[in-house]
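*Asks:* The C-terminal position of the sequence shown is numbered 426 in the numbering used here, with every residue numbered one higher than the one before it. Backbone N, C-alpha and C fix where the C-beta goes; we use that ideal spot for every residue, glycine too. Provided herewith is a single structure, encoded as structure tokens, for subsequent inquiry.
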Amino acid sequence: MTNAEEIRITLYMRNLNISREEAIALMRDEEEDNLPELTTEQKKVEKEMRQADRKKETAPRKRERKPDNDKRFLIDNFVWSLTTDEETNGNNVNAENVIITKPEREIEFDYNGNHYRLVLMKPRKEK
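Here it is as structure tokens:
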């Protein structure tokens, strides 16, 4: 017997409080593969059971955002006030190339040779 087998036998004897012959028999029983071969039907069931634990991947759901009419109204009013001239509403802005890049959120425009971006944010209510 090899040194590793002797150590295993000694551990079995000490931990299980059995004789040397019982420890050798236990070691040989563990080394033997006494399981019978599976039939084809049992192999099919075994394969199905191994695959049962896997979770099928689902596509992430696209969340549909509710339209915010207040923000849309404010953006429209900002665009109107940037584009109309002094004679109709009394302002003197008269911006050029006013574009709503994201409805309810962002406007881009040019004024006095500079490009500007106006972003409208609505913070969440504190709980």
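#1: So, helix, strand or coil for Arg416, using DSSP?
#2: Per the contact definition of three or more C-beta pairs closer than 8 Å, is the segment 397–404 in contact with the segment 370–382?
#3: Starting from Asn396, trace the beta strand (DSSP E) in both directions and tell me its first and last residue.
#4: Name the DSSP bridge partner or partners of Ile317?
#5: Any idea which residues DSSP pairs Tyr410 with across the strands?
*Replies:* With the structure as the only source:
#1: The residue labelled residue 416 in the question sits at position 117 within the sequence shown. The answer is strand: DSSP assigns Arg416 an E or B state.
#2: yes
#3: Stepping through the sequence shown from its first residue, residue 396 is reached at position 97. From DSSP, the beta strand (DSSP E) with Asn396 extends over Glu395 to Lys401.
#4: In the sequence shown, counting from the first residue as 1, residue 317 sits at position 18. DSSP lists no partner for Ile317.
#5: Start at 1 with the first residue of the sequence shown, and residue 410 comes out as number 111. Paired residue(s): Asn413.
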